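Let me begin by presenting the structure, written as structure tokens, before commenting on it.
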């Protein structure tokens with residue numbers, strides 16, 4: 051009894067002591083007025099007057115300011131008010147330690163059922179494991195998945211096993227592209243591909259894997275890996291990241307990534323860049339990146355590292371797009387609401403891509419919401435758009451379909467020029483995508499795209515052009531280490547021009563190109579040091595070079611149709627990424643391409659060694675259907691390497707050779723809907739290019755600020771240039787008006803970007819030259835005496851600044867400033883007379899330049915409230931394009947006035963253009 055009383059007395063004292071301690075903790079009250087106080091200063095004030103001590107990551111709060119009024123309130127209430135508009139969470143333990151984290155608070159105690167697995171999430175030796183679907187409002191479920199131990203596989207005799215799976219967004223089932231699954235302890239990781247798939251080989255045993263990516267909350271998974279197995283992971287959306295991170299899925303990719311000369315853009319962040327008419331424009335944002343230019347305003351043709359616009363391979367879900375613009379280039383052809391991601395390869399182009407010299411722009415669509423029906427859209431001054439998506443079979447089959455249309459005629463009717471008042475212009479495009487999960491190892495993806503433009507100038511000439519694209523993919527997973535994708539695609543581009551100015555000369559000009567391709571791509575993870583990609587492709591081209599037909603019964607035009615051209619381009623490729631050591635990684639790739647021009651066709655032969663003219667034709671050779679009339683082939687090397695100097699800096703080098711068997715013929719500097727594509731044949735050789743690149747990369751402030759400088763040198767041969775006065779349309783002897791030129795381009799690209807915080811964005815400067823030489827044939831065929839001269843898109847200096855400032859979660863502002871050197875032009879210097887005929891004497895080609903170009907744009911984004919249970923969410927974007935009203939010259943032309951030749955410059959946007967766009971989502 052005596053011992054029992056002693057124990058009871060001891061327990062009573064302990065309880066009283068604990069009660070006293072609890073009273074001491076809860077008695078700590080906070081008072082004060084904090085107005086726009088930096089978070090670190092706020093913490094110091096609290097720590098100076100209370101026993102609390104804060105623990106947090108400095109980079110997570112570097113731009114956070116606190117505004118709160120506290121009147122003798124507990125710290126919990128003060129922090130709840132201070133952090134309610136952020137993604138920060140806090141937890142306070144019994145030792146007065148305050149843990150501030152992003153996303154989920156620190157769990158200070160284990161849940162009651164922590165050691166008892168939930169029924170559908172039980173750990174087992176089944177080689178397949180999966181997260182529970184995470185409700186968007188469930189912190190506890192996310193926390194359980196992050197701390198639970200997943201038991202994967204059965205046994206491995208090699209001591210290593212391969213973990214594979216898929217990352218999806220919990221909200222809509224969309225695959226997460228470009229995220230990393232990384233073991234910090236082993237410094238080994240993998241990235242998800244376009245389907246959200248990953249494969250990672252690790253030693254058998256326990257591992258902690260970190261998952262991070264753009265637009266998702268960083269999370270972890272605890273894995274006990276016993277053998278090969280699968281782990282599918284569902285991630286939650288991170289609203290703050292979507293608004294703050296501008297480019298790149300992982301913050302350390304700038305330094306640690308092997309790929310150089312590549313830019314990855316997420317469509318959700320492109321919305322912050324101001325554009326001419328208020329609608330998010332994929333190609334306009336791409337033009338803000340270093341090394342990417344266009345010849346002028348109102349043009350979406352890309353000139354990448356000194357390359358021509360036809361030297362870019364533009365893919366929309368692996369289908370080639372030949373004209374990526376609407377209304378002569380004022381709008382891009384892609385609906386921003388259906389796009390998931392955009393990747394631009396400027397150098398070290400992966401071996402799977404071929405057919406173009408300068409770059410690859412790979413645009414991928416979203417799969418559509420697999421869990422519920424939803425939609426989005428927008429209304430602007432010239433265009434409107436609507437996108438619908440949802441499940442067909444929940445969790446297995448989904449669709450997304452989006453459409454855009456324009457109603458721009460009203461603005462033409464407001465112009466003072468009578469010709470414009472009688473003009474009309476419109477376009478529409480439709481994108482549709484269906485994804486279907488057949489089973490765990492097989493999936494199908496079907497994409498269709500259609501765009502049509504119509505415009506009529508002054509009621510006499512009507513233009514119409516159209517893109518049609520479709521692709522079908524079958525993805526099959528053979529094992530954790532090997533999967534493949536089989537793709538079939540079709541691409542068509544056509545235009546027609548109808549002229550009715552005079553009934554006697556009324557005519558209709560037509561052109562079209564069709565492309566059918568099949569491609570098989572495989573990815574094999576050999577081990578932790580080797581990741582092998584291999585495959586093959588074949589493309590069949592059909593080109594109708596042009597046809598002229600009378601329009602109407604009274605027309606006197608004689609029908610003229612050029613013979614059709616066709617050819618086949620095939621290739622095989624293999625590449626291996628080799629992790630030699632933690633600091634050194636190398637990628638070795640080889641692509642071998644083969645092209646054959648096919649009949650039926652008549653080919654002109656010319657006198658060897660002499661310029662090709664009508665006078666040097668020796669004979670005509672006829673080839674039957676399917677007969678080979680010319681064959682070209684050769685290797686394409688793809689090499690790159692990365693060496694990490696420190697954890698925050700690296701050096702990268704790359705070399706690639708590319709071949710191009712199709713050429714664009716254009717008599718305009720800008721990309722035009724009337725451009726002609728010409729296949730290589732016995733008289734027109736394919737283009738070949740070699741590019742060498744070296745870069746230095748450094749990250750600052752815990753990978754939140756990136757710096758890079760890349761320099762390159764590129765040589766090309768056999769690309770097409772034109773003789774003076776060349777005729778490109780309906781020319782049966784086109785080889786007599788074109789010449790095979792050589793070129794060189796070189797430059798330095800510098801970029802600095804801040805990825806996080808209220809202020810984010812990037813600044814880039816590019817110095818580059820693009821030079822051409824035609825030094826063949828007779829003296830009259832040489833251009834500028836056979837010397838190098840600037841190409842039409844040679845613009846040595848280019849500077850771009852993109853800045854975003856977030857006032858709150860609902861209000862943000864964006865600024866875009868760009869400057870570039872004026873493009874080269876050829877000017878008439880004098881006129882003279884030969885007999886009774888007047889002749890014009892021109893300068894050397896591209897000897898002069900138009901004035902320099904600069905422009906500033908401003909936009910204000912206003913979002914509705916972020917309540918989860920709302921019928922629809924909406925936002926407004928107000929902007930001003932060309933804020934200073936500068937009249938940037940698009941072209942320079944000359945008129946004879948009173949016997950004198952006078953020069954004029956044409957400006958597309960010569961004054962500020964205000965815009966307002968309403969966006970909605972439901």
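In the numbering used here, the protein residues as written are 51 to 972. Beta carbons: idealized from backbone N, C-alpha and C, even for Gly. None of these values were measured; they are calculated from a predicted model.
What does a CB cutoff of less than 8 Å around residue i pick up in its chain, not counting 5 residues either side in sequence?
i: residue 545; result: 513, 514, 515, 516, 560, 561, 562, 723 and 724
i: residue 228; result: 241, 242, 263, 264, 299, 300, 314 and 391
To which residues of the same chain is residue i closer than 7 Å at the C-beta, ignoring the five residues directly before and after it?
i: residue 953; result: 942 and 944
Near residue i, which residues of its chain fall below 6 Å by C-beta distance, leaving aside the five closest residues on each side in sequence?
i: residue 851; result: 813 and 867
i: residue 728; result: 713 and 715
i: residue 588; result: 568 and 620
i: residue 505; result: 475 and 513
i: residue 874; result: 840, 844, 896 and 899
i: residue 655; result: 668 and 669
i: residue 353; result: 343 and 843
i: residue 458; result: 432 and 475
i: residue 248; result: 231, 240 and 242
Using three-state DSSP, classify residue i as helix, strand or coil.
i: residue 89; result: helix
i: residue 324; result: coil
i: residue 953; result: strand
i: residue 393; result: strand
i: residue 315; result: strand
i: residue 11; result: Here the chain has residues from 51 to 972 only, and residue 11 is not among them.
i: residue 168; result: A caution first: residue 168 carries a pLDDT of 42, below 50, which makes its placement in the model unreliable, though a value can still be read off. Of the three classes helix, strand and coil, the one that applies to residue 168 here is coil, per DSSP.
i: residue 108; result: helix
i: residue 915; result: coil
i: residue 888; result: strand
i: residue 386; result: helix
i: residue 96; result: helix
i: residue 960; result: coil
i: residue 728; result: strand
i: residue 226; result: coil
i: residue 361; result: helix
i: residue 294; result: Since pLDDT at residue 294 reaches only 34, below the 50 mark, its modelled position is unreliable, and no value is offered.
i: residue 355; result: coil
i: residue 175; result: Residue placement at residue 175 cannot be trusted, given a pLDDT of 38 that sits under 50; what the coordinates show is reported in the next sentence. Correct three-state label for residue 175: coil.
i: residue 811; result: strand
For residue i and residue j, which I take to be in contact (beta-carbon distance under 8 Å), what is that distance rounded to the nearest angstrom?
i: residue 475; j: residue 486; result: Not confirmed; about 38 Å, so no contact.
i: residue 200; j: residue 273; result: 5 Å
i: residue 931; j: residue 324; result: 6 Å
Comparing alpha-carbon positions, which option in the options lies nearest residue i?
i: residue 375; options: 632, 890 and 332; result: 332
i: residue 245; options: 316, 523 and 434; result: 523
i: residue 416; options: 358, 503 and 483; result: 483
i: residue 591; options: 648, 623, 573 and 599; result: 648
i: residue 818; options: 106, 871 and 286; result: 871
i: residue 500; options: 897, 710 and 370; result: 370
i: residue 739; options: 709, 203 and 730; result: 709
i: residue 361; options: 368, 367 and 351; result: 351
i: residue 321; options: 885, 946 and 863; result: 863
i: residue 308; options: 671, 788 and 631; result: 631
i: residue 682; options: 256, 642 and 697; result: 642
i: residue 238; options: 222, 224, 253 and 226; result: 253
i: residue 937; options: 503, 959, 742 and 826; result: 959
i: residue 270; options: 780, 278, 285 and 280; result: 285
i: residue 277; options: 886, 554, 102 and 202; result: 202
Would you say residue i touches the ligand ADP, meaning its beta carbon is less than 7 Å from a heavy atom?
i: residue 485; result: The ligand ADP is absent from the structure shown, which contains no ligands of any kind.
Q. Is the number of C-beta pairs between the region 820-834 and the region 780-794 that are closer than 8 Å three or more?
A. yes
**Q.** Touch test, the region 397-412 against the region 527-541, Cβ-Cβ under 8 Å, three pairs minimum
**A.** With contact defined as three or more Cβ pairs closer than 8 Å, the region 397-412 and the region 527-541 are not in contact.
Q | Inter-stretch contact (C-beta, 8 Å, three-pair minimum) for the region 687-705 and the region 335-345 | A | no
Q: Count the CB pairs spanning the region 453-462 and the region 432-441 that are closer than 8 Å, and state whether there are at least three.
A: yes
Q) On the three-pair Cβ rule with 8 Å, is the region 148-160 touching the region 99-115? A) yes
Q) Okay, do the region 673-684 and the region 633-651 touch, 3+ Cβ pairs below 8 Å being the bar? A) yes
Q) Any contact of the region 920-928 with the region 871-883, i.e. 3+ C-beta pairs under 8 Å? A) As far as the Cβ criterion goes, the region 920-928 does not touch the region 871-883, which means the pair count is below three.
**Q.** Given 8 Å, three or more beta-carbon pairs between the region 420-431 and the region 956-966
**A.** Yes, since at least three Cβ pairs between the region 420-431 and the region 956-966 fall closer than 8 Å, the two stretches touch.
Q: Specify whether the region 766-776 and the region 797-811 touch according to this definition: at least 3 beta carbon pairs, one from each stretch, less than 8 Å apart.
A: no
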